[in-house]
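> Numbering (full-length UniProt numbering), first residue to last: 1 to 386. Note that beta-carbon positions come from the ideal geometry of N, C-alpha and C, so glycine has one too.
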């Protein structure tokens with residue numbers, strides 16, 4: 001029996017517990033309800049970081065934990081602190097610092113093969129007129145400790161940067177960084193790592209509006225030629241080895257520039273959001289959460305049989321209610337709106353924007369790959385009922 005501590009887990013982490021694993025959830029008060037139907041003696045509540053470390057120490061003393069897992073972005077540092085303090089398997093504090101802190105990541109790779117994107121701390125730019133005058137636009141502004149696309153902006157000229165500096169204020173300059181904007185095609189790379197080596201890897205194509213930071217769709221797997229796939233795979237493999245990531249799902253974002261250069265955007269010791277984790281599970285047969293459990297104790301992840309060959313998720317920027325779409329594989333442009341339709345060639349579900357104004361999405365999985373441009377056009381025509 002393997003004993004694993006999961007920090008701030010969600011229902012997906014609960015449902016993914018493999019046979020032969022005894023899992024304890026150490027939850028903050030805000031996230032406790034997500035696993036309320038787990039065995040109550042396996043749910044422990046913490047109110048601050050010190051209490052979390054002390055609870056984990058008692059668990060390890062009484063039951064001997066094998067590893068610490070965390071898939072929640074904002075608790076990764078605490079999970080690393082716990083693993084380090086108990087000397088058990090978990091991502092090291094150095095790994096988490098270099099993946100959670102975007103400036104630290106750039107500085108770590110400054111002298112390596114990944115130092116191909118000019119970057120600066122906003123504090124340095126704001127206090128050095130020479131650096132400010134030497135910037136080449138457009139540029140990307142991002143929070144150093146941010147998550148996802150929150151707070152990320154693309155600025156087209158010096159005037160836009162000065163407006164940002166005025167609105168932000170000197171007291172917050174050190175919390176932001178600047179990177180050169182790279183024009184090209186963006187991919188996310190979903191890797192499963194076992195004992196420091198890539199066990200499984202696949203590319204996801206990301207679709208965005210021009211000069212926007214928020215995705216409108218993802219396609220898994222990306223349709224690319226073998227040379228591009230090989231180059232990106234080698235790039236990410238080297239990055240994982242340099243960072244010394246030892247296990248679990250790793251989500252990396254890269255840009256293939258118009259000149260065919262690969263540029264690192266960021267990387268994380270967690271699975272991809274935006275339903276990328278679901279596409280990975282449905283198509284590859286490897287569930288990222290399940291893989292996290294297995295690889296954290298040195299075991300290869302289990303692959304389940306699947307008939308799905310590709311998946312696609314499209315984000316709706318408007319209100320609506322649940323719909324399903326009957327997608328005929330031979331005629332993507334003439335999809336009709338139905339309720340709760342499942343057919344042999346594809347399965348599509350949509351959910352609405354919620355009351356807190358988050359976007360809704362449509363998720364589809366297919367028994368064969370499809371041209372992404374046709375899928376984009378079809379999803380844009382989905383009727384969202386008022």
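What does residue 184 pair with, by DSSP beta-bridge criteria?
257
> Could you pull out every residue in the same chain whose Cβ sits closer than 8 Å to the Cβ of residue 88, ignoring the five residues on either side in sequence?
60, 65, 66, 67 and 68
> In the DSSP assignment, the alpha helix (DSSP H) including residue 367 goes from what residue to what residue?
Element bounds for residue 367: n/a, residue is neither H nor E.
> Just the Cα atoms here: how many angstroms apart are residue 47 and residue 15?
25 Å
> Given this structure, state the Cα-to-Cα distance separating residue 85 from residue 246, to the nearest angstrom.
18 Å
> Return helix, strand or coil for residue 267, following the three-state DSSP convention.
strand
> Excluding the 5 residues flanking residue 222 on each side, which residues of the same chain have their C-beta closer than 7 Å to its C-beta?
187, 203, 204 and 205.
> For residue 217, which beta-bridge partners are listed by DSSP?
207 and 314
> Use the C-beta contact count for residue 179: other C-beta atoms within 10 angstroms, 16 or more gives buried, fewer gives exposed.
buried
> What first and last residue would you give for the alpha helix (DSSP H) that runs through residue 82?
76–86
> State the DSSP-derived secondary structure class of residue 128, mapped to helix, strand or coil.
coil
> Below 8 Å, can you find three or more Cβ-Cβ pairs linking the stretch 157–175 to the stretch 192–199?
no
> Should residue 13 and residue 289 be called a contact, given that it needs their Cβ atoms to be closer than 7 Å?
yes
> Answer with yes or no whether the minimum CB distance from residue 125 to chain C is below 7 Å.
Reference to chain C is not applicable here, since this structure consists of a single protein chain.
> If you run the structure through DSSP and keep just helix, strand and coil, what is residue 1?
coil
> Using 8 Å for Cβ pairs, my map puts residue 184 next to residue 258. What's the rounded Cβ distance?
5 Å
> For residue 305, collect the residues of the same chain with a Cβ closer than 7 Å to its Cβ; drop the 5 residues on either side in sequence, then sort them by chain order.
So the list reads 285, once near-sequence residues are dropped.
> Rounded to whole angstroms, what's the CA-CA distance from residue 264 to residue 79? Just pull it up for me.
25 Å
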